[in-house]
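So the structure is just underneath, and the comments pick up after that.
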Amino acid sequence: MNVDLHCHTRASDGALTPREVVVAAAAAGVDTLAITDHDCVDGVAEATAAAGQVRVIPGIEFSTHFGGGGVHVVGLDVDPGDAGLTAACATQRRARQDRAVWIADRLARRGIADALAGAQRCADGSQIGRPHFARFLVESGHARTEKEAFARLLGRHDHGSSVRFFADMDTVIGWIRAAGGTAVLAHPLKYKLTRTRLDRLVRAFREAGGDAIEVVCGQQHARATAELAALATAHGLAASRGSDFHQPGRPWAALGRVPPLPPDCRPVWSGGKIGVGNTG
Ligand code: MN
Ligand code: MN
Ligand code: MN
Numbered sequence: 008m009n010v011d012l013h014c015h016t017r018a019s020d021g022a023l024t025p026r027e028v029v030v031a032a033a034a035a036g037v038d039t040l041a042i043t044d045h046d047c048v049d050g051v052a053e054a055t056a057a058a059g060q061v062r063v064i065p066g067i068e069f070s071t072h073f074g075g076g077g078v079h080v081v082g083l084d085v086d087p088g089d090a091g092l093t094a095a096c097a098t099q100r101r102a103r104q105d106r107a108v109w110i111a112d113r114l115a116r117r118g119i120a121d122a123l124a125g126a127q128r129c130a131d132g133s134q135i136g137r138p139h140f141a142r143f144l145v146e147s148g149h150a151r152t153e154k155e156a157f158a159r160l161l162g163r164h165d166h167g168s169s170v171r172f173f174a175d176m177d178t179v180i181g182w183i184r185a186a187g188g189t190a191v192l193a194h195p196l197k198y199k200l201t202r203t204r205l206d207r208l209v210r211a212f213r214e215a216g217g218d219a220i221e222v223v224c225g226q227q228h229a230r231a232t233a234e235l236a237a238l239a240t241a242h243g244l245a246a247s248r249g250s251d252f253h254q255p256g257r258p259w260a261a262l263g264r265v266p267p268l269p270p271d272c273r274p275v276w277s278g279g280k281i282g283v284g285n286t287g
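Add 7 to a position in the sequence shown, counting from 1, and you land on the number used in the working numbering.
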């Protein structure tokens with residue numbers, strides 16, 4: 008059984024259409040795939056229609072914050088037609104737009120004009136994100152690489168302030184649960200928290216109704232997998248597994264090509280809660 012519960016389509020910042028993602032997942036041997044675009048479920052219907060042999064789980068990846076830092080929470084098996092979820096996505100879309108205006112203002116004060124229009128052009132009709140600003144900064148000659156743009160012009164401090172536009176973690180967990188979904192703390196090691204802060208985050212996540220953490224997210228070191236498995240167990244949380252696929256050609260985030268969950272984990276898909284069967 009090859010379960011991939013985290014990926015993106017062109018509905019957010021992925022390169023492939025939902026149909027193409029499902030076809031690529033099938034070719035990679037994935038039998039269960041959750042579509043988890045950023046702050047929207049716009050790709051779910053097309054993916055479900057294209058499902059074929061792949062079982063498609065409707066999902067979402069919410070941008071949120073905790074303790075002043077950015078956090079992502081994946082919702083699995085949400086009802087994409089849930090009215091509350093639709094309203095939540097609209098709220099997040101407005102937050103994303105407000106944040107983009109704020110980022111552009113900060114850049115303007117540093118002498119970089121027209122960043123909003125530039126980033127919007129890079130987004131090409133999809134929802135605007137910080138990577139689009141990074142691309143604009145490179146294309147307009149303000150940075151040599153996107154990495155440099157992030158480090159120098161879209162930095163960590165700015166990110167800490169910019170995540171406040173989104174709803175807080177308790178709120179997004181509430182949205183997921185109200186839409187019948189299961190809340191998963193995405194890629195816990197990407198937040199670069201100290202052990203104490205990571206424990207605090209995971210405890211707050213569970214107390215707010217969170218169900219699982221991503222023990223495997225893309226290719227990762229066995230040490231990271233073991234650390235996250237221990238974290239899940241220590242907090243009584245289930246374990247999820249996903250690639251965080253965005254586009255082909257990234258072997259560290261390829262559909263279905265990620266390590267298995269350690270045997271001591273309780274898979275989030277066990278017990279039938281998200282309907283992908285029990286692997287025992
Ligand atoms: Mn993304
Ligand atoms: Mn994420
Ligand atoms: Mn993601």
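Even for Gly, the Cβ is constructed at its ideal location relative to N, Cα and C.
Note that the structure is a prediction, hence the values are computed from the model and not measured.
Is the CB-CB distance between H79 and D251 below 7 Å? No. Outside cutoff.
Would W182 be called buried (16 or more neighbouring beta carbons within 10 Å of its own) or exposed? Looking at its Cβ environment, which holds 16 or more other Cβ atoms inside 10 Å, W182 is buried.
Quick check on A141: buried or exposed, where buried means 16 or more other Cβ atoms within 10 Å of its Cβ? Buried, since its Cβ has 16 or more Cβ neighbours within 10 Å.
Heavy atoms of ligand 3 versus C-beta positions, residues under 6 Å: Checking every Cβ against the heavy atoms of ligand 3 under 6 Å gives H13, H15, E68, D251.
Mark N285 as exposed unless 16 or more other C-beta atoms lie within 10 angstroms of its C-beta, in which case mark it buried. Low confidence applies here, because N285 scores a pLDDT of 37, under 50, leaving its location unreliable and the question unanswered by this model.
Determine, using beta carbons only, whether T43 and G59 come nearer to each other than 7 Å. Not a contact, by the Cβ cut-off of 7 Å.
Per-residue DSSP class, three states only, for H193: Position check: residue 193 holds Ala in this sequence, whereas His was assumed. Assignment of A193 by DSSP, reduced to helix, strand and coil, places it in the coil class.
Is H72 near ligand 2, judged by its Cβ being under 6 Å from some heavy atom? Result no, Cβ not under 6 Å from ligand 2.
Hey, R248 and V223 are a contact pair by Cβ (cut 8 Å); roughly how many whole angstroms apart? At roughly 4 Å, the Cβ-Cβ gap stays under 8 Å, so R248 and V223 are in contact.
Going straight from the alpha carbon of G243 to that of V209, what length do you get? The straight-line gap from Cα to Cα measures roughly 10 Å.
DSSP beta-bridge partners for S19? Note: S19 sits in no beta bridge, so no partner.
Go ahead and pull the three-state DSSP assignment for D105. DSSP places D105 in helix when its eight states are reduced to three.
Per DSSP, which one or two residues make a beta bridge with F73? Looking at the DSSP assignment, F73 forms a beta bridge with G76.
Considering Cα atoms alone, identify which of A150, L238, G256, P269 is closest to L23. Of A150, L238, G256, P269, the smallest CA-CA separation from L23 is found for G256.
Considering only heavy atoms of ligand 2, does any lie closer than 6 Å to the CB of A193? Within the cutoff, so yes.
Per DSSP, P65 is paired with what? Under DSSP, P65 takes part in a beta bridge, and its partners are I42.
Is D131 near ligand 1, judged by its Cβ being under 6 Å from some heavy atom? Not so, every heavy atom of ligand 1 lies at least 6 Å from the Cβ.
Straight-line gap, S147 to Q104 (C-alpha atoms, nearest Å): Approximately 21 Å, taken between the alpha carbons.
Please list, in chain order, all residues of the same chain as G287 whose beta carbon is under 7 Å from its beta carbon, the five residues on each side excluded. With a pLDDT of 31 at G287, under the threshold of 50, the modelled position of that residue is not reliable, and no figure is offered here.
Figure out for me which residue from V81, N9, R62 has the closest Cα to the Cα of E221. Nearest to E221 by alpha-carbon distance, out of V81, N9, R62, is V81.
Using the DSSP secondary-structure output, state which residues sit across from G249 in a beta bridge. Paired residue(s): C224.
Say the cut is 6 Å; is the CB of D49 nearer than that to a heavy atom of ligand 1? Not one heavy atom of ligand 1 sits closer than 6 Å to the Cβ of D49.
Taking only the alpha-carbon atoms, compute the straight-line gap between P195 and A124 and give it to the nearest angstrom. Their backbone Cα atoms lie some 33 Å apart in a straight line.
According to the Cβ coordinates, are D89 and A237 closer than 7 Å? Cβ atoms of D89 and A237: not closer than 7 Å.
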